[in-house]
Each structure stands twice: as C-alpha cells, then as structure tokens.
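So the sequence lines, in the order shown, correspond to chains G and Y.
Number 143 in full-length UniProt numbering belongs to position 143 of the first sequence; there are no gaps in the numbering.
Number 178 in full-length UniProt numbering belongs to position 178 of the second sequence; there are no gaps in the numbering.
Note that beta-carbon positions come from the ideal geometry of N, C-alpha and C, so glycine has one too.
In this text the structure is predicted, and so the values were computed from the model without any measurement.
First comes the structure, then the notes that go with it.
2 protein chains.
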Amino acid sequence: MKATVFHGARDVRVETVPDPAIANPGDAIVRVVNAAICGSDLWPYRGTAPWQPGARLGHEFTGVVEAVGSGVHAVRAGDFVAAPFSFSDGSCAFCRAGLQTSCEHAGFWGGQENDGGQGEFVRVPFADATLVRIPDAVRADERKRVAALALTDVMGTGFHGAKAAGVSAGGTAVVIGDGAVGLCGVIAARYLGAERIVSVGHHPARLEMAQGFGATDVVDSNDPDAAEKIKEITGGTSAVVEAVGQQSSLDLALAVVRDGGTVSFVGVPWGMSTVDFRRLFGGNVALRGALAPVRAYLPELMDALAAGTIDPSPVFTHRLPLPGSPDGYRAMDQREAIKVCLDVSAA
Amino acid sequence: MKATVFHGARDVRVETVPDPAIANPGDAIVRVVNAAICGSDLWPYRGTAPWQPGARLGHEFTGVVEAVGSGVHAVRAGDFVAAPFSFSDGSCAFCRAGLQTSCEHAGFWGGQENDGGQGEFVRVPFADATLVRIPDAVRADERKRVAALALTDVMGTGFHGAKAAGVSAGGTAVVIGDGAVGLCGVIAARYLGAERIVSVGHHPARLEMAQGFGATDVVDSNDPDAAEKIKEITGGTSAVVEAVGQQSSLDLALAVVRDGGTVSFVGVPWGMSTVDFRRLFGGNVALRGALAPVRAYLPELMDALAAGTIDPSPVFTHRLPLPGSPDGYRAMDQREAIKVCLDVSAA
Chain G
1 MKATVFHGAR
11 DVRVETVPDP
21 AIANPGDAIV
31 RVVNAAICGS
41 DLWPYRGTAP
51 WQPGARLGHE
61 FTGVVEAVGS
71 GVHAVRAGDF
81 VAAPFSFSDG
91 SCAFCRAGLQ
101 TSCEHAGFWG
111 GQENDGGQGE
121 FVRVPFADAT
131 LVRIPDAVRA
141 DERKRVAALA
151 LTDVMGTGFH
161 GAKAAGVSAG
171 GTAVVIGDGA
181 VGLCGVIAAR
191 YLGAERIVSV
201 GHHPARLEMA
211 QGFGATDVVD
221 SNDPDAAEKI
231 KEITGGTSAV
241 VEAVGQQSSL
251 DLALAVVRDG
261 GTVSFVGVPW
271 GMSTVDFRRL
281 FGGNVALRGA
291 LAPVRAYLPE
301 LMDALAAGTI
311 DPSPVFTHRL
321 PLPGSPDGYR
331 AMDQREAIKV
341 CLDVSAA
Chain Y
1 MKATVFHGAR
11 DVRVETVPDP
21 AIANPGDAIV
31 RVVNAAICGS
41 DLWPYRGTAP
51 WQPGARLGHE
61 FTGVVEAVGS
71 GVHAVRAGDF
81 VAAPFSFSDG
91 SCAFCRAGLQ
101 TSCEHAGFWG
111 GQENDGGQGE
121 FVRVPFADAT
131 LVRIPDAVRA
141 DERKRVAALA
151 LTDVMGTGFH
161 GAKAAGVSAG
171 GTAVVIGDGA
181 VGLCGVIAAR
191 YLGAERIVSV
201 GHHPARLEMA
211 QGFGATDVVD
221 SNDPDAAEKI
231 KEITGGTSAV
241 VEAVGQQSSL
251 DLALAVVRDG
261 GTVSFVGVPW
271 GMSTVDFRRL
281 FGGNVALRGA
291 LAPVRAYLPE
301 LMDALAAGTI
311 DPSPVFTHRL
321 PLPGSPDGYR
331 AMDQREAIKV
341 CLDVSAA
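The following block contains the structure:
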C-alpha cells in the first residue's frame, strides 16, 4: 500500500510500504477514507522531534472496516468508523475511567511500530474499544464526513481543553491560539454554553473563523496590551484554554485567568520552560495538562455532529489526494493551511 | 506595647512599638493571647525574603477583643477570637465565593503597614468579616485553646491543600512534607475520610507524629526509591499535597501522582524553578496552587476542634512567653521546634 513516510526534516514522502494484516484477534484492518495532517506532525517535520527515518506519519483518520479478527464484535466489515489519535484496550482502570490516553496498552498511530493514518490502510489494535461507528447520515453528507475527521483529534482536544478548564453554561471562556485546536476550543466553549468567548490569536482570517464558530470577541495576541484587553472584556475569567504550547501563551493565560480559575493546556508543550509558581499559588490557580482522551468524547461529539450542533469542517482549509501529502505538510508548515484533509479513498 | 520586630537576617527583637488604635469604623483591637511562629516567617528570618528593618512579624494569633469601631457588630469586647493569616472585607466577589485570600482589600498581618501577630495587640481591619469567635469550651480547655491557634494558618492550609488535591472519603492521599503544614495535611486527609494516607518526610519524630495524626504509612523522602515505594503503597493516588515548596518535592509529587490526578502545593514556592510539563500534559495532571483561604474554613474547623474530631495541638512542640520570640525563631530555624506557640496574655 501507499503511505506517508518520514525521511528527515521537511522530507516526507508517499511510498510503498507493506500491507497490514490482522495480527491479533482484537485487530481490525481499516481502509482509510480521510486522513488529516496535524499541527503536532510539524514537530518531526521541522526536525524538532527526533524521529527516525522510515517512521510512518498521521494519527487522524476515518475509514471503512475491511476485515476484523476473531475477537472483534463491535464493528464489522463495511462499517464506516473513526479512530481517536491513540488506541486503547477499553478494559483497564484508566479506560473505564474515561482516560484512555493513559491506558496500560495505549499506543499512538505511526512511528516505527504502527501504521500511520496518512496511508491507505491501518491495522487497528483493540478495535472494539478503539473504533467508533460513524452514523450513515454523516457518511452520506460530504461536509459532515469531513467534519468527522476533526473529531479524531482537534475537536476532541478542544472539547477536552474546554472541559478541563471548567468552561460552563453561562460562563466565560478564553481560548488562546487560533490554530485548529484553538478554533475547535471555541466550538466546544459554545457547545458547552459559554456566553462570552474570547479567541486570542494573530491571524485575521482564523480569528474571523473563530467568530463564525461562536467567539464573541477576538484579541490580537501580538498586541502588547492583550492581557489588559482580555481582562477588560471578560471582567475576569476562571476558564482559560491554552492551545499554543509556547511560553508566551502560557504566560498570557496566567495573566488573564481569574483567581481560583484553571488554565488547561492542550498542545504538546514543546515551547514551555517554566511557570509563574507565585501566580499559581497566590491566585489559587490550577494548571491542568490536557492530552485529550478523544475516545471518551467521540460518541457525544459524533451525535452533536450528526445533529448539526457542531461543525468543525471549516478548519480543513485544504484538501488533497494522498500523493499530495508532502504538499499538505508544506502548506501547514508555511501556515497557508489551518489543517489539511487527505482524500484517500471513497467512503 | 511590645511586639516582635524584624531587624535583619537572624535578628528579630521584641521591643516597644506604638499601641494600635481604632482607625476605621470596621476595626477591632485584639489583645493577643497566643501567637505562632510560622515556617514562612523563616524566609525573612533567613534573609531569603527582602524585608525592611522595622517590619512587624507574625500572622497567626488568637486573642480577646478589647475594643471595636462603630461599624463592628459580629464581635464585641471580651470575645475570644481567631484571625486567619490575612484579613478580608467579606463583601467582594472573591470573599463571597470563599476565596478570601484574593479579596480586593486583602491584607496580611505584619510588615510595614499592619500590626503583626507576634505582639501584644493587633488592629484588625474588617473585623466582622475577618474574626471568628472561638467557643467558650475551646477557650476554657488549654489544649484546645492552643490547637485553635493552628487553625489560623497551618491547619487551614493543610485542609485547603487536601481539598484542592481532591482528597475524598475512602480514597488515598499522599502528603509530602513533615513540617506543621504537612502534618496538618495528614489530619485533614483523615478528617476528609481518606483510608490510605502516606506521609513523606525525613524527620523520624515528625513522621511518628504523622502516624499519630492518621498516616497509615510513612516514607523517607531521602530514600532514592521513595517514589517507587509510595507508588507501591498507594497503587497510584490521584491526590498529592506538596507541603515543602522545593523543586525536589514537586518532582516527587509529579512522580507519584496517578494520571488524571492533582498535585496541590500549599507552601510559598521559594524553591521551585520549573515543572515537568510533559508529565502534566501526558498524564492529564493538574498542578494547583493553594494559598489557603483560611477564613472560609475557620468555622468548620473550629467546630471539629470543639468536638474533638481534630487536634493539631501537638505541632506546637515549643511554648515561650512573648519575650522569648527570638528564641522561638532560633528553634524553628534549627528545626528543633516544629512550631512555636507564644503565650502572650491570659485568655
């Protein structure tokens, strides 16, 4: 089959790799329909993360079940399914508690061990626990079908960030970052009923998209008075989602959160080196790391998508066939694309 | 009156200062009965905190109301009262939410502006909101009267730390630090119904006291395998109270907390420089700063003290008259005393 393979900094290629096969009774083979390129894929792409040549890429995909092992009962061949960005056994204490990212058998797509999402097929371990069926109404609707791809990571991550920060109905939320996750954080805050939602970023087109998603206010993160402006708008907010992963955005989050509030951070923290402990202490502020257990949220978010309550599809500004994957990386790297959807096969 | 005054590193003196007087209608004048020396008083004492000579010392005291301003109605002359380590107006949004440490008019005892607790009298602003009456049964019982002094800071702080970390009935708690706050954290965890309570420190006598307070297990923090031992005992705990304020204790807290759990830190973070963001992120761990709103807890803890449910009095290993205050500082500095109680006047 064809799959996207890492060769070095800014060198990813679509090439032929071995076809996957059922290895364990709990496995399923999924033919990928749509796959996404993630902001976190840019860390190896840019050489920041020390990946080895030959590593497979991609951890966001939807697809059609082609075959299942003898132990798989929840999905069957022909089902259209979504996979969260990590797989999990569904039976350990963490899975039962809804924290599938901490599953004792958790694994991430791609790398040296597993198939990546940006390819034609994926072997899915623990298929019963990992995969979630996508309703026919979503499968049949082009826009919703693409939106479902967002639920495998960025939408679930934005939702987790909003919940972890304590966003609640009638309340106020600040979302720092106008990338796909930040934008999905705005959708989530709206979905959770926040009345005042401030989107913070520095790309005018993305902030405009945030407004379309429900942001009541936007603030330029490059404005030296950004913190004061946010505090003036919100009058103090107890829920801040940090969706950038840099020191400056963490600092801004701590500057604007209300005493007693929570800052969740939802991105891989590549760019954070320290935190203002005095601020956390004196202000009774919680800093909550928030790697999203997307699997826990997929059913609820799929329902919301099917019902038309949420629609993250606009974050996919670019669509390309699988062979265009390297172009997709370039577009993401140069910030031409918010997020790229690869059209791999027919649904 | 006589009061303890800061003159420089390891130079505190009891000397004559002006008698306080009612300055605002909301003020009360309190004749101090008992005052404590706090671990956080050691920061200026050791020269770590840049205090100015002439600053008054002490932020923990109980006493008898001598006089009240025209606007004071909740307490009257002759009442025996406890004051939390900070005063607050009782009417702002933070006070109403039970976060009195963030009160718009919050102030701390001592320094250049306010009387300190380690003196004969204290002018108490916002007396109605700040002071809490101590029941006669506590006043009349020497042991409980001294224990009440602990409620003004360390017991309230240990309680806040335990609540902020999510200690719950039937659960497990790890308390790192065997100082007065850590020991009170153990009392609080027991009070909250935790079934397994691990006290971590390196002073055998203090760890023995922790066992008397309800710790089911003790671990030597200097043991290179401390983290493994704690994890083996607890099988993973979601509630960790960090009551030291040093980098090594924060690191240990993050090493032993279960994914999805919370580390609260309750001490002024003088010795923390960074945090393992990857651990917070990947493990969905919350780091919660926890400067205790002691005022919010005083009524409940006073009831528990009166009922005999809690008894933090053993943390006061040393008692001295007010003129012995400098000796008390030396005993705390040299770790001869866990905590010093000054007997200033009769109850």
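Of the residues A106/G, G260/G, D11/G, K2/G, the one whose Cα lies closest to the Cα of P20/G is K2/G. Proximity of chain G to V257/Y at the Cβ level (cut-off 9 Å) is not reached, the minimal Cβ distance being about 11 Å. With respect to the 7 Å criterion, G63/G and D27/G are not classified as neighbours on the basis of their beta carbons. CA-to-CA, the gap between V244/Y and E142/Y works out to about 30 Å.
Here DSSP, grouped into helix, strand and coil, assigns Q100/Y to helix. In the same chain as A147/G, and ignoring 5 residues on each side of it, the C-beta atoms closer than 6 Å to its own belong to L305, D311, P312, S313, in chain order. Annotation for A67/G: the continuous beta strand (DSSP E) segment containing it runs 61-68.
Contacts between N284/G and chain Y, judged by CB atoms closer than 8 Å, involve L99, T101, S102, A164, R288, G289, A290, L291, P293 in chain order.
In the structure shown, E15/Y falls within a strand segment according to DSSP collapsed to helix, strand and coil. According to the DSSP assignment, S221/G belongs to no beta strand (DSSP E), since it is labelled neither H nor E. S40/G sits away from V241/G, with the two beta carbons spaced by 7 Å or more. Here the alpha carbon of A23/Y sits roughly 31 Å from the alpha carbon of Y329/Y.
For S264/Y, there is no enclosing alpha helix (DSSP H); the enclosing beta strand (DSSP E) covers residues 257-265. Look at the beta carbons and you see the stretch 198-208 of chain G touching the stretch 161-180 of chain G: at least three pairs across the two are nearer than 8 Å. When C-alpha distances from V266/G are compared across C184/G, Y45/G, I134/G, the shortest belongs to C184/G.
Within chain Y, no C-beta atom comes less than 7 Å from the C-beta of V240/G; the nearest is roughly 13 Å away. In terms of beta-carbon proximity, M272/G lines the interface with chain Y, with at least one pair separated by less than 7 Å. The C-beta of P84/Y comes no closer than 7 Å to any C-beta of chain G. With fewer than three CB-CB distances shorter than 8 Å, the stretch 148-156 of chain Y does not count as touching the stretch 273-289 of chain Y.
Taking each of H7/Y, R13/Y, F6/Y, G8/Y in turn and checking the Cα distance to P323/Y, the smallest one comes out for R13/Y.
The straight-line gap separating the alpha-carbon atoms of T4/Y and W270/Y is approximately 24 Å. Interface with chain G (7 Å Cβ-Cβ cutoff): P224/Y is excluded.
In the DSSP secondary-structure assignment, I338/Y is not bridged to any residue. At a cut-off of 7 Å between beta carbons, L305/Y makes no contact with chain G. Relative to the Cα of I134/G, the nearest Cα in the group A127/G, P125/G, V167/G, R145/G belongs to R145/G. The C-beta of L280/Y comes closer than 7 Å to at least one C-beta of chain G. Listed along the chain, the chain G residues whose CB falls inside 7 Å of the CB of V275/Y are V275.
Neighbours of F94/Y in chain G, taken as residues whose beta carbon is under 7 Å from its own, are D259 in chain order. When DSSP assignments are scanned along the stretch 152-217 of chain Y, the uninterrupted stretches of alpha helix (DSSP H) that are 4 or more residues long and fall wholly within it turn out to be 154-165, 180-191, 204-213.
For the stretch 141-170 of chain Y, the set of residues with a beta-carbon nearer than 8 Å to any beta-carbon of chain G comprises A164, in chain order. For P50/G, no chain Y residue has a C-beta closer than 7 Å to its own C-beta; the minimum C-beta separation is roughly 14 Å. Looking at the backbone, the Cα of G47/Y and that of H7/Y are separated by about 10 Å.
The closest CA to that of A169/Y, considering only L192/Y, G182/Y, V344/Y, G161/Y, is found on L192/Y. When rounded, the separation of the alpha-carbon atoms in V75/G and L301/Y is 55 Å.
In the structure shown, E113/Y adopts coil according to DSSP, grouped into three states. Beyond the five residues adjoining it in sequence on each side, D79/Y comes within less than 6 Å, by CB distance, of V65, R133 in the same chain, given in chain order.
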